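>
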Amino acid sequence: MLKRHSCYAATRRALAICGALALSAGLTLAADLGTTALAQAAPAASARGERSSIALLSAGRLPDGSWRAGLSIALDPGFKTYWREPGDSGVPPVFDWSGSRNVARVEVEWPAPRRFFDGAGWSIGYKDDVVLPLRIVAKDPGAPVVLDLRLDYAVCEKLCIPTGGHVVRELTESAEDAALLAPFVARVPREVAPGEEAAGLRLETAGIDGQGDDVTVVALIAGEGLEDVFIEGESGWYFDRAELTRESDGRTRVRIPVAERPKDAAEKTSARLTIVGSAGAISVTATLDAVPKAR
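Under mature numbering (1 follows the signal peptide of the UniProt record, and there is no 0), the letters of the sequence shown match residues -30 to -1, 1 to 265, in that order.
(1) Going by alpha carbons, who is nearest to Trp80 out of Arg105, Ser36, His136?
(2) Should Phe87 go down as buried or exposed, given a rule of 16 or more other Cβ atoms within 10 Å for buried?
(3) Between Ala15 and Pro114, what straight-line distance do the alpha-carbon atoms span, to the nearest angstrom?
(4) Which residues in the same chain have their Cβ closer than 7 Å to the Cβ of Lys97, if we skip the five residues on either side of it in sequence?
(5) Report the rounded CA-to-CA distance for Lys128 versus Gly135, giving the unit in angstroms.
(6) Which residues in the same chain as Val64 place their Cβ atom closer than 6 Å to its Cβ, once the five residues preceding and following it in sequence are excluded?
(7) Quick one: what's got a C-beta closer than 7 Å to Gly203's C-beta in the same chain, skipping five residues either side?
(8) For the alpha helix (DSSP H) that Ala152 lies in, which residues bound it at each end?
(9) Mind pulling the alpha helix (DSSP H) runs of 4 or more residues that sit fully within the region 48 to 81?
(10) Mark Gly193 as exposed unless 16 or more other C-beta atoms lie within 10 angstroms of its C-beta, in which case mark it buried.
(11) May I have a chain-ordered list of the beta strand (DSSP E) segments no shorter than 3 residues that lie completely inside the region 225 to 252?
(12) State yes or no: is the C-beta of Val125 within less than 8 Å of the C-beta of Ser22?
(13) Could you check the C-alpha separation between Asp234 and Ser205 for me, to the nearest Å?
(14) Of all the options Thr257, Leu171, Ser70, Ile178, which has the alpha carbon lying nearest to the alpha carbon of Val138?
(15) Should Pro232 be labelled buried (16 or more other beta-carbon atoms within 10 Å of its own) or exposed?
(16) Identify, in the order they occur along the chain, each residue of the same chain with its Cβ nearer than 7 Å to the Cβ of Glu143, setting aside the five sequence neighbours on each side.
(17) Thinking just about the alpha-carbon of each residue, which of Thr133, Ile201, Arg216 is nearest to the one in Gly195?
(18) Would you give the residue range spanned by the beta strand (DSSP E) that Val107 belongs to?
(19) Do the CB positions of Gly40 and Leu119 come within less than 8 Å of each other?
(20) Does the distance from the C-beta atom of Asp58 to that of Ala25 stay below 8 Å?
(21) For the putative contact between Leu117 and Ala189, defined by C-beta atoms under 8 Å, what is the C-beta separation to the nearest angstrom?
(22) Distance check for Glu197 and Trp53, CA to CA, integer angstroms please.
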């Protein structure tokens, strides 16, 4: 049993662990209570969860022979769910594809998220219904492909509710599903290199400023309509909310305080920045070392 005080630890690492433990505990209890019902009902392509429902979509084959599918998460009014890096107090979804048949690999793609304040801190995710695009690589391209997903996730209004579902679908061609998927595929950030422009955005420089316990990631981004920047670091690195300052030359200086990092952290580290603008989003993996000199 989780102790009440265990969720009030001060560090970001403790918050993340606490959220995962709470979700796991809630889902385990739900699984225990629902074992009989699950045994009696075979999983379908959709399932109802707490204040939400999930469904597998199947659009058809991509030009490279892989399959385009999707995971739909429909939310009750006023509820939200979380991105892969959920922020201060969220819990990311956990995917179990082990029951799938003729599946070599499942790649989950993430539409650009939004940041919201939920009373306990700033979280990252989706306030409206969302579809996570999936790319499925089959073991045998000529044989049927069956997706089998056991999903653990959380939805929140004022309090976070752990939930989950089990959905199964054989992949087929569906124009209706393809139409549902299309706008969410368009929202997936484009992978670019540092200095490369897409969606009207370009990461020009990125580095680390400060020392000791006072360390900040500083980035310079060119482009109009910049809305937010999300950062994911190596293991043990946690970050606060990005602070955006518009420069006189039209570029935006971004400062992201480091909330926690490993005691033995190297002088250089890598991080993935998801840069969201009004015309789209980009994803850039950059090496962070000494802060770049002003240009």
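In this text, a Cβ means the ideal position worked out from N, Cα and C, and glycines have one as well. These figures come from a predicted structure and were not determined experimentally.
So, from the data block:
(1) Of the listed residues, the one whose Cα sits closest to Trp80 is Arg105.
(2) Burial call: exposed.
(3) Here the alpha carbons of Pro114 and Ala15 stand approximately 16 Å from one another.
(4) Non-local beta-carbon contacts of Lys97 in its own chain, meaning distances under 7 Å to residues more than five positions away in sequence, involve Lys50, Arg84, Phe86 in chain order.
(5) If I take the Cα positions, the gap works out to 22 Å.
(6) The beta carbon of Val64 sits closer than 6 Å to those of Asp122, all from its chain and outside the five residues before and after it, given in chain order.
(7) In the same chain as Gly203, and ignoring 5 residues on each side of it, the C-beta atoms closer than 7 Å to its own belong to Phe209, Thr239, Ala241, in chain order.
(8) Where Ala152 is concerned, the enclosing alpha helix (DSSP H) stretches over 145 to 156.
(9) If we require 4 residues or more, the region 48 to 81 turns out to have no alpha helix (DSSP H) run fully inside it.
(10) Here Gly193 is buried, its C-beta having at least 16 other C-beta atoms within 10 Å.
(11) The qualifying runs are 239 to 247.
(12) With contacts defined as CB atoms closer than 8 Å, Val125 and Ser22 qualify as a contacting pair.
(13) Rounded to whole angstroms, the gap between the alpha carbons of Asp234 and Ser205 is 12 Å.
(14) Nearest of Thr257, Leu171, Ser70, Ile178 to Val138, Cα basis: Ser70.
(15) Note on Pro232: under 16 other CB atoms within 10 angstroms of its CB, so exposed under the neighbour-count rule.
(16) Excluding sequence neighbours, Glu143 sits near Gly30.
(17) Here the closest residue by C-alpha is Arg216.
(18) Where Val107 is concerned, the enclosing beta strand (DSSP E) starts and stops at 100 to 108.
(19) No; because the gap between Cβ atoms is not below 8 Å, this pair is not in contact.
(20) Annotated as distal: Asp58 and Ala25, with beta-carbon spacing of 8 Å or more.
(21) A Cβ-Cβ separation of about 37 Å leaves Leu117 out of contact with Ala189 under the 8 Å criterion.
(22) In this structure, the straight-line span from the alpha carbon of Trp53 to that of Glu197 is close to 17 Å.
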